[in-house]
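Take a look at the structure set out below.
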Amino acid sequence: MSRRRRATRREVTPDPKYGDPVVGKFMACLMYQGKKSVAETTVYDAFDRISQKSGDPLKVFHGAL
């Protein structure tokens, strides 16, 4: 039996630009070797391209999921 207590689950932090926790989780999964700024740049560049082509990037992102 373990003597340590059960680890508490952390809340997913929302992304700073849109305030959406699903986008924050996606960026955390996309992150490689702790480079969060690179993951943020990648996601936000993709969102900018989506907004130029269709409209609301969050709506397109949630529809793709």
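According to the numbering used here, the stretch in the sequence shown is residues 393 to 457, in order.
Don't be surprised by glycine CBs; every beta carbon is placed ideally from N, CA and C.
The structure displayed is predicted, hence computed values, not measured ones.
Here the alpha carbons of Glu-403 and Gly-416 stand approximately 11 Å from one another. Per DSSP, reduced to three states, the secondary structure at Ala-399 is coil, with no helix or strand assignment. Judged by their CB atoms, Val-435 and Met-419 are nearer to each other than the 7 Å cut-off. Separation of Pro-449 and Pro-408 (C-alpha to C-alpha, rounded to the nearest whole angstrom) is 15 Å.
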